[in-house]
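So for the sequence shown, our numbering puts the first residue at 82; every next one is plus one.
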Amino acid sequence: MDSLVKSASTDICSLTINQEILLFDGVCNLCNGAVQFILDHEKPNSQLTFTSLQSQTGQTLLQKFNLSTQQFDSLVLVVGERFYTESTAALRLAQKLKGIWSWLYWLIIIPKPIRDWGYRLIARNRYKWFGQKESCMIPTPELKARFLD
């Protein structure tokens, strides 16, 4: 069993070299809505794939980057061998959107502590304000190829 886990970890680690992966809270209604929004508004050349923070793939990636595998208070955007969290992850995602949405990236000029304060305020209250599901979302058959778990 241990060799299976190690093999899965190796596959995940090599997978990140050429991919962009968004890890999101799979039971959060706001996060699921954000994923759907990205899918509906992303630029045609987007290579973004998705996995929930709670999934085996998500947990493996969190461990790879020494991030908490218990607290799911931030999106995590993996780009090759780098990762971004909180407001930086959200703003880098904006770059991948069509039209005026990509202009949100310019908010990156706001100092990170201020941006992250706003991000954490929403993250702390997301279940209260937007609700949560009992289990992670299951992608439709058309979207299944874009999801790792």
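Backbone N, C-alpha and C fix where the C-beta goes; we use that ideal spot for every residue, glycine too.
In the DSSP secondary-structure assignment, E162 is not bridged to any residue.
Taking 4 residues as the minimum length, the alpha helix (DSSP H) runs contained wholly in the segment 121-203 are 137-145, 167-175, in order along the chain. Between R205 and C109, the C-beta spacing is not below 7 Å. Distance from the Cα of Q176 is smallest, within the candidate group E123, G114, L104, for E123.
In this structure, DSSP gives Q100 a state outside helix and strand, which the three-state scheme calls coil. By the Cβ neighbour-count rule, G161 is exposed, with fewer than 16 other Cβ atoms within 10 Å of its own. Relative to G107, the option among Y200, K145, S127, Q152 whose CA is nearest is Q152.
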